[in-house]
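Chains A, B and C are the protein sequences, given in the same order. Using the numbering used here, you'd call the opening residue of the first sequence number 442 and step up by one each time. Using the numbering used here, you'd call the opening residue of the second sequence number 109 and step up by one each time. Using the numbering used here, you'd call the opening residue of the third sequence number 3 and step up by one each time.
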Amino acid sequence: MNMESLERFTPWRSILAEARTAPAEDVLPPLGHWRLAVGDISLLVERRALWVGALLLLALLVVSLAYLALGTGRLTPPAVWWALVGHGDPVATFLVQELRLPRLVAAWLTGAAFAVAGCLMQTLARNRLATPSIIGIDNGATAFAVASVVGLGTSLAPPAMALVGAATAAAITFGLASGGDTRGYRFIVAGIGIGAVFGAVTQLLLAQVPIDSANAAYPWTVGTLNARSGGAILTLAGGCAVGLPLALVLARSLGNMRFSDAIAQGFGVPLRRRRIQVLSLAVVLTALAVAVAGPVGMVGLIGPEIARSLSSSRGVPLIASALAGALVMVLADLVGRLLLAPIELPVGIVTAIVGGPWLLWILLRPSRNPA
Amino acid sequence: MLHVTRLAAAMAGLTTLLTLSTAQAASVATAHGEVEVPDSPERVVTLYEGALDAALAVEVTPVGAVTTRGGDGVARYIEAYLDEETRPAIVGVVREINLEAVLAERPDLILAAPQLSDEQYTLLSKIAPTVVPEARELAPDNWQQEARLFGEALGREEALDSAITEVEERASALAGAIAEAGEGGSANLVRWMPQGPLVMSDALFSTGMLAAVGLEVTDAGLVSPGGAHSDPLSLENLSRLEGDWLFLATLNEEGDQALDAARQSAAFARLPVVENDRVVPVDGQLWTSASGPLAAQAILDDIEAALLP
Amino acid sequence: MAASGLCLRPRRPAGLWRVMILLLTLLAAVAIVSLMLGAGEVTPGRALAVLTGHGDDEATFVVGALRAPRTLIGIVVGISLGLAGALLQAVSRNPLAEPGLLGVSAGAAFAVGVALWLGASAATLRIAVGQVGALLGCLAVLSVVRLRGMGGDPVRLVLAGAAFSALLASLTSLLLLFDQRTADEIRFWVVGSLAGRRLEDLLAVLPSLGLALVIIVAIARPLAALALGERVASGLGHHPGRVRLLVILAVALMVGAATAVAGPIAFVGLVVPFAARALAGPDIRRTLWLCLPLGPLMVLAADIISRLVVAPSELPIGVLTALLGAPVLVAVVRARRLPTL
């Protein structure tokens, strides 16, 4: 099989750059794709993916603007602009710059990280329920963060402890599931077991402290974007800056791994190594996001789901997932802030209530396509 | 020292813009260092039940407060001190404070709980001077120190001191009356749960009030040092509750129901204190989580009603 | 080995009855230990005196009124959870199908949360709400039946259960946000425990347990036939659909009763059938027999440990079974290839 026909046959993910030596006009772009060529380098773009990406980005921008404008204090779009550039009314400037903007950024980053991690793991396991949060990473983070809040033998701040907890849960899970099997199933089941243990530990902790401490630990048990740690957000931003491009690179072989192992190997994918890399990346992204917002795992399910329903069936819609995850997160937090004002609903609860029926539908519908 | 610089920046910048131009004379020692507070704050937001209690005790009605129960209001014993026109606006629940709602009240002083997270403090302190009491080991007189700090921040130290003195005087008067009536002795405070009772520490606010009226409060050695209550107690160890009085806290309005439930347990029914009918059902919300001068008075009301009928 | 697939009577690892007698002896020993040990001041010696009829008042009270009901409840809870796990695993052909993992515990906790929110008090909250939890558990289990289309992929089912649990847990959290009192009380309920349960609680759920047992006796044979495949079962004159429905009914009754009495206790339904299968081989009837002593054995042993490790208080038994169960869960998956039942 020569390079060219392999190229046609392979469902390459859309926006990946393909450096080529052959003159561009020799090769027809595959159906539904555009080729953008600059000199010797040409870029193969799937049209639909481009449209979906643009659409999601537009929606994200609109919702973000609404996010900055709406709340207990309402602002007009021009007022938002003046507040952003720092020339507005001081209260509005404070409202936008100190309260809403950091929260919005946290929503973007956590949403994207959760969704990309979810998409990676779903593709790996060929199961749309296999997201990092469901397999215990969230529970590990919650248990450690709660321990920190209720003041048990640690001086680390809750976000740092959440990170440690997520890492611990993931490390134990990796340890137990060593040897790696097809689709990372051992990893998933070991993770669910570990998650159950950490869940029990969290409940034990909460049952032993005064209600005031249990209240203080509450945000870490549901997930919220209210007054998050700046340090954790910066760390997550760094993680996303490295992790998302890495995810795109890995997605190339991941696209092939959707087929059976034999076919994937036929494409020359080093299966074992690639599986571990993908799992690790998903775990790291989730851990960093959990350290910011707590367990908002449902986004890792909803984001890729939206992305997949919009995108074509080929490939792994990572960019669309990231955008959709961020969109869901911003929208959910906006709803949580507005719905019962002045009382805020934590974003984790909103996503669970929105995602819940969806989840049930996935579970209960006739299995047309058992994925 | 990061706090101090942040604080200074906040003071210089936003606070002056937001607050009325009151002279900033007083400075109080909080968990986050010295905080300058306005002379006579007019728009106070309380994010802590103890702070709401202390403010009302010195006749400052906050413009904003967090809910305690059920999502729609403040604790029951507090209701008596509020009138409809000046009711504080709700700015969130204890578990999730709505920072925008706090900002919308344009406070010039914020009183918060010792458990306030650092991130929330950073933001709140940019809205207005935020007073957070030092988190301390449990002790029966913690509430006095917290209330005094809040009183100081409100610029009403004397009023608060006299509120505390009133509580102390009433307690010692009650102690005399109880001793005279021969109703004194020892007491336990217990929360009844299906898994087993929780014995409350003798270092709590409410157990401190019991001690103040001359009752000898014990936790029967069941509460680990620093803990607020024991683990759910094995029924086999119920006999360790040897006090003359048993205060049975329940979070429901129907305290009698909890008592009925408890009575159905054989191990409970055979306690001497139950046989002598010296079990007092009390409001768990007030007895196990409130603090402040008004709560103290409410608890003393309960004690008086039970011991001196 | 080639013949074993055709053999209708699987090999006997060790005579079933010999294993049974051994386990029953062990169970009796554990039950006696459970009567003798406790967090209180009644020593094993004094308790033993009660058993031989010479105990003092205090000891007689503690053993008779506190430890005996608790032991009895432990036995019943163990039987229910063990059998329910074995049945569910047989009917879904999935060694990981454990009622707790599939969302029954989360369902019960949610039901209790709603009840507390509506104004009940944890101190007076008993059986009725647990039964509502069972109903929600049923829902979870029913969704499992739909999932049977997923065929030989055991992990999918567990994932679905974990997702379902996560959903219910979030809904419970929503209640807790608004209601301090519920929040304050439910944290003590969500960790399962045998402490402080009364015999009346047990009596209240006995009818449903009896019904469940009748169902099990009636469907044991068709269930075993079903293990050979739907066609074989139909050929032998059974109705696979009806059998499955009955199994789910029995499971819901048993898990509901156990959860109502003791709160959510996870992983018993996983560990016990796992051990039973290891001892009895694949025949579901033999597995069910062995679950009878193994379930109580695990629950009582965990309960005894829970009484002793942090005496004079008690560690919730749910935490212990979770610690015990997670390694077994992993062991099941670590088997060379995931067994389907």
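In this text, a Cβ means the ideal position worked out from N, Cα and C, and glycines have one as well.
If you check each beta-carbon in the segment 552-569 of chain A against every beta-carbon of chain C, the ones closer than 7 Å belong to 568. About 29 Å separates the CB atoms of residue 196 of chain C and residue 287 of chain C; that is not less than 8 Å, and the two are not in contact. Counted as a single uninterrupted DSSP element, the beta strand (DSSP E) harbouring residue 357 of chain B occupies residues 353-358. For residue 218 of chain B, no alpha helix (DSSP H) run applies; the uninterrupted beta strand (DSSP E) run containing it begins and ends at 217-219, by DSSP. For residue 198 of chain B, at least one C-beta of chain A is nearer than 8 Å to its own C-beta.
Of all C-beta pairs linking the segment 87-103 of chain C to the segment 389-398 of chain B, fewer than three are shorter than 8 Å, placing the two stretches out of contact. Around the C-beta of residue 310 of chain B, 16 or more other C-beta atoms lie within 10 Å, and the residue is accordingly described as buried. Per DSSP, residue 148 of chain B lies in no alpha helix (DSSP H) and is assigned neither H nor E. For residue 289 of chain C, the secondary structure class from DSSP, reduced to helix, strand or coil, is helix. Take residue 779 of chain A, set aside five residues on each side of it, and the residues of its chain with a beta-carbon closer than 8 Å to its own are 511, 512, in chain order. Residue environment: residue 248 of chain B is assigned as buried (16 or more neighbouring CB atoms within 10 Å of its CB, all protein chains considered). For residue 659 of chain A, the chain B residues whose C-beta falls within less than 8 Å of its own C-beta are 203, 204, listed in chain order. Under DSSP, residue 297 of chain B takes part in a beta bridge, and its partners are B:355. Per the coordinates, the alpha-carbon of residue 329 of chain B lies some 21 Å from the alpha-carbon of residue 64 of chain C. Listed in chain order, the positions of the segment 60-71 of chain C with a beta carbon within less than 9 Å of a beta carbon of chain B are 60, 63, 64, 67, 68, 69. By the criterion of a C-beta distance shorter than 6 Å, residue 727 of chain A is surrounded in its chain by 558, 573, 578, once the five residues flanking it on both sides are discounted. Contact note: residue 374 of chain B reaches chain C through 67, using a C-beta cutoff of 7 Å and chain order.
Here residue 241 of chain B is near residue 254 of chain B, since their CB atoms are less than 8 Å apart.
Distances from the alpha-carbon of residue 292 of chain C to those of C:278, C:119, C:242 put C:278 closest. Taking C-beta separations shorter than 6 Å and ignoring five residues to either side along the sequence, the partners of residue 33 of chain C in its chain run 73, following chain order. Counting only residues of its own chain and dropping the five nearest sequence neighbours on each side, residue 244 of chain B has a CB closer than 8 Å to the CB of 222, 250, 253. For residue 514 of chain A, the residues of chain B that pass the 8 Å Cβ criterion are 208, 211, 212, in the order they occur in the chain. Taking 8 Å as the threshold, the shortest C-beta distance from residue 318 of chain C to chain A falls below it. In this structure, the CA atom of residue 50 of chain C is about 21 Å from the CA atom of residue 304 of chain C.
The beta-carbon distance between residue 207 of chain B and residue 224 of chain B, rounded to whole angstroms, is 12 Å. This is too long to meet the 8 Å contact definition. Each of C:201, C:210, C:252 was checked against the Cα of residue 220 of chain C, and the nearest Cα belongs to C:252. Listed in chain order, the alpha helix (DSSP H) elements of length 4 or more contained wholly in the segment 252-301 of chain C are 270-282.
Between residue 751 of chain A and residue 493 of chain A, the CB-CB gap stays under 8 Å. Annotated three-state conformation of residue 557 of chain A is helix, per DSSP. Cβ neighbours of residue 198 of chain B within its own chain (closer than 6 Å, five residues either side excluded): 175.
At a cut-off of 8 Å between beta-carbon atoms, residue 727 of chain A makes no contact with chain C. For residue 175 of chain C, the neighbours in chain A by C-beta distance under 7 Å run, in chain order, 662, 663, 790. By the Cβ rule, the segment 638-645 of chain A does not count as touching the segment 761-779 of chain A, because fewer than three pairs are nearer than 8 Å. Less than 8 Å divides the Cβ of residue 792 of chain A from the Cβ of residue 740 of chain A. Measuring C-alpha to C-alpha distances from residue 576 of chain A to each of C:78, C:166, C:223, C:114 identifies C:166 as the nearest. Nearest C-alpha to residue 171 of chain B among B:321, B:184, B:211: B:211.
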